[in-house]
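The sequence shown begins at 1 in the UniProt record's numbering and counts up one residue at a time.
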Amino acid sequence: MGRDLLANPPLLSTARPDFTCDLSTEQPPDPFNALNQRVLSILCPTTSDVGYISLLKISSDYKGEPGFSIRMRSVISLLGAFIAAAVFQTGSCVETVIGLYGETIEVPCNNGNNKPDGLIFTKWKYVKDDGSPGDLLVKQAQKDEATVSATDGYKSRVSIAANSSLLITQGSLTDQRVFTCMVVSLTNLKEHSVEVKVYKKPSAPVIKNKAKELENGKLTQLGECVAESANPAAYLIWMKNNQPLVDDGKTIIITSAITKDPATGLSSTSSRLQYTASKEDVESQFTCTANHVMGPDQVSAPETFPIHYPTEKVSLQVVSQSPIREGDDVTLKCQADGNPPPTSFNFNIKGKKVTVTDKDVYTLTGITRADTGVYKCSLLDNDVMESTQMVTVSFLDVSLTPTGKVLKSLGEKLEVSLEKNASTEAKVTWSKDNRKLDELPEFSKLTYSDAGLYVCDVSIEGIKRSLSFELTVEGGPNIMSLTKRRSNDGKHKILTCEAEGSPKPDVQWSVNGTNDETSYFNGKATYKLTVVPSKNLTVSCHVTNKLGFDSRNISVFSQKNEDGAEQAKVIVGVMVGLFLAAALVGLIYWLYIKKTRQGTWKTGEKETGTSEESKKLEENNHKADV
């Protein structure tokens, strides 16, 4: 019997939630049965929160059977283990688990270290709102499924994981409590308590009840920032241009409040900002940042606010292309720095007051140089606050004499005059036939080269005038030269006739030949004729135009006669050369002799030499004396 008890220890049951212990027996009491009753009184859940543990009915018919002492020691050993587990429980430190609102919360049982040897069952329970214990479920070691014992809202929301963790679906703030995992084995009983906290990130912050405008220097409620449905409540921070605003109790006042939804228990945070604006806040961006333990920070959409402030300065602008030229339309625009800006103004148009309403511009059409002057604008209700602008109309008047086509005769005089009137100093440039001139030449005596198209450009900033005249110089033809030369191959003669005249002269030759080329520039014409003379000829070049004619002759020899003439020229040249050479030698010798004699006379010395030379010298001296 003792061996059977050790092999099959008493079973722990969860079948009866009333925690009563079944001690009924038909046998008379004895010492072992009395001990059994005392042990059960300790283990019975009616007197302890260890669990609803009950021993199955222990038969009392073992009395007197062999092995009584062995059975007795086994039972005492088992019960001693339960007593020790009930009396000496583990430390009181409570683990904390954070779950997310609306999601499944996993509550660990001793961080997974919950499978001791001889495991009998694992039980989950919790502390109710009133502090009393509540049962959730029990998982027998020999069974795959757990038995849910909860009768409240947890009945359909709890289950147990393979690692004995408690799973709670659709987490809510009502799940913020202490849950206890009890692990019962043959040799021990341990409890592990876990505190569950449920967090929820707030909705994105929104700025509500926004001010339509802010007034310069006046404390005004800018808006209210709200971050809803959070746990724990969010912390709101007002920002201006990404910099936090600090409540100083004067120019910035921030009032915060937290409210809870009675149905969900979630918190909503609201924060009202009272702000004293300045003109510089016209483009400032205000935002609200929600700070929460679940992070990261959430920022509201930026808001800008119109700032109202009175006008301090008026400015007048001249809206027109620069510079202003006669005939342009000029718009005067008056602006004020107040907000909202004024929409009506007074314009002073050269001493005349003109009022415009619902607009800020006045237009001068077809402006002239007479409109040059001072213009003003001011507020309707304050003429002292005004702005002034000087309007200068640019103009340029130019007169050139002569213009168009100008016809003059060779040698005549041409006078050119330019008159100009401008609003500023004008720049004058001249060009002839598209080539820039440093200055206009003086036409005191016209030549053919003076002819051409003359253009005068006169300009100031934004305005340019161009005037021109085309000069033609006419004269009768005049042959300047008539020359000839032999061609490169030596077989032809090339005659060149150069003549001046305008219009261009026509040429006629007295002999037939080939007209090689003709050119005409600045009144100068060049004509060329190639001939092959068979005999000596006299060739005439005859040029004509509407103003007259001119002619010139030249002798052209045949090739044979020209060769003889050339040979004669060579012989004469050689003879002349020899004569000049002999004369030069004689002159040098005479100079030498003369110099020698002068040297002898001066020194009085007698030169040594032959007797014949001395005799000749004496004869010469004698002749000179006579």
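Glycine included, C-beta positions come from ideal geometry on N, C-alpha and C.
First and last residue of the beta strand (DSSP E) that includes residue i?
{"i": "F179", "result": "178 to 185"}
{"i": "I237", "result": "235 to 240"}
{"i": "Q335", "result": "330 to 336"}
{"i": "R485", "result": "463 to 486"}
{"i": "D130", "result": "Counting along the chain, D130 falls outside any beta strand (DSSP E), and DSSP gives it neither H nor E."}
{"i": "E419", "result": "417 to 422"}
{"i": "R435", "result": "435 to 437"}
{"i": "residue 633", "result": "Since the displayed the chain opens at 1 and closes at 626, residue 633 lies outside it and no answer follows."}
{"i": "K528", "result": "524 to 531"}
{"i": "Y154", "result": "Looking at the DSSP string, Y154 is not in any beta strand (DSSP E), and its letter there is neither H nor E."}
{"i": "L379", "result": "373 to 379"}
{"i": "H292", "result": "Note, H292: premise wrong, no beta strand (DSSP E); not H, not E."}
{"i": "G404", "result": "404 to 409"}
{"i": "A397", "result": "It is Asp, not Ala, that sits at residue 397 in the sequence shown. Where D397 is concerned, the enclosing beta strand (DSSP E) stretches over 396 to 401."}
{"i": "K260", "result": "252 to 260"}
{"i": "T514", "result": "514 to 521"}
{"i": "N188", "result": "From DSSP, N188 is part of no beta strand (DSSP E); its letter is neither H nor E."}
{"i": "G99", "result": "95 to 100"}
{"i": "S387", "result": "382 to 391"}
{"i": "N346", "result": "345 to 349"}
{"i": "G452", "result": "452 to 460"}
I'd like to know whether the C-beta atoms of residue i and residue j end up nearer to each other than 8 Å.
{"i": "H292", "j": "N339", "result": "no"}
{"i": "L178", "j": "V97", "result": "Strictly speaking, residue 178 in this sequence is Val, with Leu absent from that position. No, Cβ-Cβ distance for V178 and V97 is not below 8 Å."}
{"i": "Y194", "j": "P108", "result": "A small correction: the amino acid at residue 194 is Val; Tyr does not occupy that position in the sequence shown. Cβ atoms of V194 and P108: closer than 8 Å."}
{"i": "V511", "j": "L537", "result": "yes"}
{"i": "S315", "j": "S387", "result": "yes"}
{"i": "K125", "j": "G112", "result": "no"}
{"i": "K493", "j": "P533", "result": "yes"}
{"i": "residue 666", "j": "A301", "result": "Residue 666 is absent from the model: the chain starts at 1 and stops at 626."}
{"i": "A499", "j": "D450", "result": "no"}
{"i": "residue 632", "j": "S271", "result": "Because the chain here runs from 1 to 626, residue 632 falls outside it and cannot be looked at."}
{"i": "T530", "j": "P477", "result": "no"}
{"i": "T269", "j": "L236", "result": "yes"}
{"i": "F286", "j": "K250", "result": "no"}
{"i": "T311", "j": "D281", "result": "no"}
{"i": "S502", "j": "V473", "result": "yes"}
{"i": "I160", "j": "K128", "result": "no"}
{"i": "D516", "j": "K504", "result": "no"}
{"i": "L136", "j": "T147", "result": "no"}
{"i": "D371", "j": "V393", "result": "yes"}
{"i": "K190", "j": "V183", "result": "yes"}
{"i": "I168", "j": "I105", "result": "yes"}
{"i": "A422", "j": "F443", "result": "no"}
Below 8 Å on the Cβ atoms is my contact criterion, and I expect residue i with residue j to pass it. Report the Cβ-Cβ distance as a whole number of Å.
{"i": "V428", "j": "L418", "result": "7 Å"}
{"i": "L400", "j": "L471", "result": "That belief does not hold up - the Cβ atoms of L400 and L471 are roughly 13 Å apart, past 8 Å."}
{"i": "G171", "j": "G99", "result": "5 Å"}
{"i": "E283", "j": "T304", "result": "7 Å"}
{"i": "A230", "j": "K200", "result": "6 Å"}
{"i": "L446", "j": "G411", "result": "6 Å"}
{"i": "G547", "j": "G475", "result": "It is worth fixing the name first, because residue 547 is Leu in this sequence and not Gly. L547 to G475, Cβ: 6 Å. Contact."}
{"i": "V398", "j": "K432", "result": "With 8 Å as the limit, V398 and K432 do not qualify as a contact, their Cβ atoms being about 18 Å apart."}
{"i": "G118", "j": "L186", "result": "3 Å"}
{"i": "I324", "j": "V391", "result": "7 Å"}
{"i": "residue 629", "j": "L222", "result": "Nothing can be reported for residue 629: it is not among the residues displayed for the chain, which extend from 1 to 626."}
{"i": "T122", "j": "N110", "result": "That pair is no contact at about 10 Å."}
{"i": "Q298", "j": "Q317", "result": "Contact flag wrong, Cβ pair sits at about 45 Å."}
{"i": "T403", "j": "F469", "result": "5 Å"}
Against chain C, does residue i count as a neighbour if the rule is that its beta carbon must be under 8 Å from one of theirs?
{"i": "A290", "result": "Chain labels in this structure do not include chain C; a single protein chain is all it has."}
With which residues is residue i paired in a DSSP beta bridge?
{"i": "R552", "result": "C541"}
{"i": "Q221", "result": "Q274"}
{"i": "P244", "result": "M239"}
{"i": "I120", "result": "Looking at the DSSP assignment, I120 forms no beta bridge with any residue, so it has no partner."}
{"i": "T227", "result": "Here residue 227 is Ala; the residue named in the question, Thr, does not match the sequence. DSSP lists T269 as partners of A227."}
{"i": "C109", "result": "In DSSP, C109 forms no bridge with anything."}
{"i": "L499", "result": "Reading off the sequence, residue 499 comes out as Ala, not Leu. According to DSSP, which records beta bridges pairwise, A499 is partnered with I479, A525."}
{"i": "W509", "result": "C541"}
{"i": "Q317", "result": "K333"}
Following a CB-centred definition, is residue i positioned closer than 7 Å to any heavy atom of the ligand GDP?
{"i": "V299", "result": "Annotation note on the ligand GDP: not contained in the displayed structure, which lists no ligands."}
At least 3 beta-carbon pairs within less than 8 Å: the segment 457 to 464 vs the segment 478 to 489: no
Meets three-Cβ-pair contact criterion under 8 Å: the segment 344 to 354 and the segment 369 to 385: Taking 8 Å as the limit for Cβ pairs, the verdict is that the segment 369 to 385 does touch the segment 344 to 354.
Cβ pair count under 8 Å reaching 3, the segment 543 to 555 against the segment 481 to 500: yes
Given 8 Å, three or more beta-carbon pairs between the segment 150 to 162 and the segment 199 to 213: Short answer: they don't touch.
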